[in-house]
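Line by line, the protein sequences are chains A and B. The first sequence begins at 1 in UniProt numbering and counts up by one. The second sequence begins at 1 in UniProt numbering and counts up by one. Backbone N, C-alpha and C define an ideal beta-carbon position, used for all residues, glycine too.
There are 2 protein chains.
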Amino acid sequence: MGYLRTGELARRAGVNVETLHFYERKGLLPEPPRRASGYREYPAESVRLIRFIKRAQELGFSLNEIHELLALRVRPGVTCAQVRERAERKSAEVRRKIADLKAIERALRKLTASCSGRGPVAICPVLEYLEGDML
Amino acid sequence: MGYLRTGELARRAGVNVETLHFYERKGLLPEPPRRASGYREYPAESVRLIRFIKRAQELGFSLNEIHELLALRVRPGVTCAQVRERAERKSAEVRRKIADLKAIERALRKLTASCSGRGPVAICPVLEYLEGDML
DNA sequence: CTAAGGCCCGTACCTTGGTACGGAGTCAAG
DNA sequence: CTTGACTCCGTACCAAGGTACGGGCCTTAG
Numbered sequence: 001m002g003y004l005r006t007g008e009l010a011r012r013a014g015v016n017v018e019t020l021h022f023y024e025r026k027g028l029l030p031e032p033p034r035r036a037s038g039y040r041e042y043p044a045e046s047v048r049l050i051r052f053i054k055r056a057q058e059l060g061f062s063l064n065e066i067h068e069l070l071a072l073r074v075r076p077g078v079t080c081a082q083v084r085e086r087a088e089r090k091s092a093e094v095r096r097k098i099a100d101l102k103a104i105e106r107a108l109r110k111l112t113a114s115c116s117g118r119g120p121v122a123i124c125p126v127l128e129y130l131e132g133d134m135l
Numbered sequence: 001m002g003y004l005r006t007g008e009l010a011r012r013a014g015v016n017v018e019t020l021h022f023y024e025r026k027g028l029l030p031e032p033p034r035r036a037s038g039y040r041e042y043p044a045e046s047v048r049l050i051r052f053i054k055r056a057q058e059l060g061f062s063l064n065e066i067h068e069l070l071a072l073r074v075r076p077g078v079t080c081a082q083v084r085e086r087a088e089r090k091s092a093e094v095r096r097k098i099a100d101l102k103a104i105e106r107a108l109r110k111l112t113a114s115c116s117g118r119g120p121v122a123i124c125p126v127l128e129y130l131e132g133d134m135l
């Protein structure tokens, strides 16, 4: 059988069953077909979807934003131009996050380096990257 | 005078006063000196600290994690080795976030590209990056 | 066929990260 | 020396994102 029941999907995706129901109510997870008994039958690829949601959350996207990301598929009723515009906006946002994370990473590396040798250590390297005029 | 009162700090950092008190209670914002009346006197650099906290939140760090980041300053009582180890762990986490964001950005760019010309569009480019074996 | 374990759904509860309120004291311009 | 804006603190409330519970039906190995 190429389908998963709730518990199996939850186990494979590393969340619990209630979370799946919760995502379904929120519209993040499309309602899967049911068997006669009412049991859900998820396609196997749902695992990737759930994991995507979890990763995106760790990257600072809210469930609403993730919804927007997932809605960025070209479908009848939505024009290409609309999709493109939203994609570009999101893309800019993502690039900015990357830049900020790189700055943090640089600061952390500096801290590691300053600690690996002897000699005086920086006072607060983590905040260092803020020296530039960041609004 | 080189100090800020609560309202001024809040205004400059783009948060509101209650948030400052909240951060102080949580230990994220060190308790500033007070004048006789009880009014807080923040050093001007607190603005950067608050902004750092807000940015880090947008990058998916919880207040507790931000606390850990901020605690990564070398101080008496903490050995260099400890600081270094924590910094390295955080650094790995940050690199992973960067990699994930880059994948998302690639997917978004592909989507933009597929939409800019004529021709058939991808079905769900945003999820595409998950094709690789990502756990 | 029957018992253990899944699943259904609804409701209640929880944590995180704030916001709002309100009474009382403080500061500074006029 | 008053008046309006600011500050204090405590308590209450709020939204997001789940988590737990419980009664009742399904399923499947033995």
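Check                                                                                                                                                                              : Outcome
At least one CB of chain B closer than 7 Å to the CB of Ala87 (chain A): is that the case?                                                                                         : yes
Using the C-alpha atoms, what's the distance from Phe61 (chain A) back to Glu105 (chain A)?                                                                                        : 20 Å
Does any CB atom of chain B fall closer than 7 Å to the CB of Val47 (chain A)?                                                                                                     : no
Closest Cβ-Cβ distance between Gly27 (chain A) and chain B: below 7 Å?                                                                                                             : no
Taking 7 Å as the CB-CB cut-off, is Ser91 (chain A) touching chain B?                                                                                                              : yes
Please compile the residues from chain A whose C-beta is within a distance smaller than 8 Å of the C-beta of Leu59 (chain B).                                                      : Leu59, Gly60, Lys97, Asp100, Leu101 and Ile104
Candidates B:Pro33, B:Lys26 and B:Glu93: which alpha carbon is nearest Leu4 (chain B)'s?                                                                                           : B:Pro33
Does the beta carbon of Leu4 (chain B) sit closer than 7 Å to a beta carbon anywhere in chain A?                                                                                   : no
Buried or exposed: Tyr39 (chain A), going by 16 or more other Cβ atoms within 10 Å of its Cβ?                                                                                      : exposed
Nearest to Leu28 (chain A) by alpha carbon, out of A:Asn64, A:Lys97 and A:Glu58?                                                                                                   : A:Asn64
Would you tell me roughly how many angstroms separate the C-alpha atoms of Glu18 (chain B) and Leu101 (chain A), rounded to the nearest one?                                       : 28 Å
DSSP three-state label for Glu18 (chain B), please.                                                                                                                                : helix
Looking at Leu9 (chain B): is its Cβ nearer than 7 Å to the Cβ of Tyr42 (chain B)?                                                                                                 : yes
Just to confirm my understanding: we take Ala56 (chain B), look at its own chain, exclude 5 residues before and 5 after, and list those with CB closer than 6 Å. What are they?    : Ile66
Alpha carbon to alpha carbon, what distance is there between Phe22 (chain B) and Lys90 (chain A)?                                                                                  : 31 Å
Does the CB of Val83 (chain A) have a neighbour CB from chain B at under 7 Å?                                                                                                      : yes
For chain B, find out if any of its Cβ atoms is closer than 7 Å to the Cβ of Leu9 (chain A); answer yes or no.                                                                     : no
Can you list, in chain order, the residues of its chain with a C-beta nearer than 7 Å to that of Arg35 (chain B)? Leave out the 5 residues immediately preceding and following it. : Glu41
State yes or no: is the C-beta of Lys110 (chain A) within less than 7 Å of the C-beta of Leu59 (chain B)?                                                                          : no
Do Arg84 (chain A) and Cys115 (chain B) have their beta-carbon atoms positioned less than 7 Å apart in this structure?                                                             : yes
Put Ala99 (chain A) into one of helix, strand or coil per three-state DSSP.                                                                                                        : helix
Quick one: does Val78 (chain B) have its CB under 7 Å from some CB of chain A?                                                                                                     : no
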